[in-house]
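Quick note on my numbering: the sequence shown kicks off at -9 and runs consecutively. This report concerns only the one structure given below.
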Amino acid sequence: PFNGPYLTRCMASVSKRVHCISRLAEGLLCRSFTTSLLLSRHPGITYPHKVSMKWAIERVNDPTQYTIDPLRLVRTGGRGPDGHTQLKHRTTGLHMPFIMVDYNRSRQMETKTVHEEVILKIVKNWWRDPLLALVASGEVKRWIIATSKMKEGDIIRSHWEIPNITVLPAEGDAYPIGALPVGTQVCLLELRPGDGATFCRAAGTSATVIRRGACVHDLETLRQRQSDLLSAGGLGDEFTCSVQVSSTRREIRLLPTCVVVVGQVSNEHHDKEKYRKFGEKNWHGIKQRSGLYQKKTGRFGRKIHPVEPVLDCTEELPPPALIQAKFTLPDIPEFIRQHEREVYSDLLQIRRPRIRPVPGPNNALPHTLAPFTWRHN
């Protein structure tokens, strides 16, 4: 039954958030007023990505400094910055080195020149499923995701031009998606121009170009359409391209200036690999879920889910909330509230520019690297 003290505790945990007035103001305000006892544990805080370890990595390694040296992997054991378990099936794993990978192959779009790089070697990293390729151009070296047909000594190129007639793509080269013909197999998709690859990065993944607009080569008209207020509803199909992911059959609508890599991500037979012993999952940081495996019966059936709707990446991102107020109980000391702000601020997603590889220690052109040693901060 609802007695007096219980009702008082319920009403004391009211969290209010005020958002900017926009087209979605009514829906935002309806979702912003909540009443629950759970809010007293984390008042006014939501986890944007539940298992993100960015907060732990940035405390150990400087995110603005790129290096090709192997780094010590930062492990959280499935816990967040507040010490609470966020993923119970995550453990530490072996002390194996971690390699920083550069996913951005669209920097040639700014310089308007074809960027060439030579592949020095292709290796397998313990913490990543696809193979990694060490490439060099001038005095700069970096690690990238290798495709299935890359070989040591090959020269890969990153192109920038979108001609009226489609190009003849080469395996491992990067092109704007507007320059590729329909039916080309691509990977390492860039959803927003200049943001780097964020899709089809796992081992063996790929997508297929299924549609190319008739006016994708006319970039001047495309910029005018994007800046025109009348085109707030979205661009027409003549100025965009579409790809279909091979694994999920989902369609993605992209701008023609988004850079993709031709081919399939390496280690395409990763799904057929099996663990050899019981403790091998623990080596990779996976904690066991149950004991003896028991055969499933008919009540464990699965339905066939429909294909997800089209992912449209051509529209402008909605502006974030301009005002976000957080109300806490007055009897909570100030140092506790300050500690909560510092802890949960690490979970907020901050959009930072991509790391640019620059010459540094052990980052020059010699073919042999220094012997592996742990870097002590």
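Heads up, the beta-carbon is just placed ideally off N, CA and C, and yes, glycines get one too. Treat the numbers as computed from the prediction; the structure is a model and nothing was measured.
- Between G253 and G162, the gap from beta carbon to beta carbon is short of 7 Å.
- According to the DSSP assignment, A136 belongs to no alpha helix (DSSP H), since it is labelled neither H nor E.
- Residue state for V104 is assigned as coil, using DSSP reduced to three classes.
- Distance from G67 to T81 at the Cβ level is roughly 6 Å; contact confirmed, criterion being Cβ atoms closer than 8 Å.
- Nearest C-alpha to T156 among H105, C190, A204: A204.
- Across the structure, D59 and K285 are spaced so that their CA atoms are roughly 46 Å apart.
- Taking a contact as a CB-CB distance under 8 Å, the pair V250 and A164 counts as one, their CB atoms being some 7 Å apart.
- In this structure, V125 sits away from I135, with a CB-CB distance that is not shorter than 7 Å.
- DSSP places K44 within a helical segment (H, G or I) once states are collapsed to three.
- By DSSP's assignment, K131 forms a beta bridge with A126.
- In this structure, the straight-line span from the alpha carbon of P153 to that of R69 is close to 50 Å.
- Distance from V233 to L244 at the Cβ level is roughly 7 Å; contact confirmed, criterion being Cβ atoms closer than 8 Å.
- With a contact defined as Cβ atoms closer than 8 Å, V333 and D72 qualify at about 5 Å.
- Rounded to the nearest whole angstrom, the CA to CA distance from I276 to V235 is 27 Å.
- Sixteen is the threshold: when 16 or more other Cβ atoms of the shown chains lie within 10 Å of the Cβ of R202, as they do, the residue is buried.
- Look at T211 here: in three-state DSSP terms it is helix.
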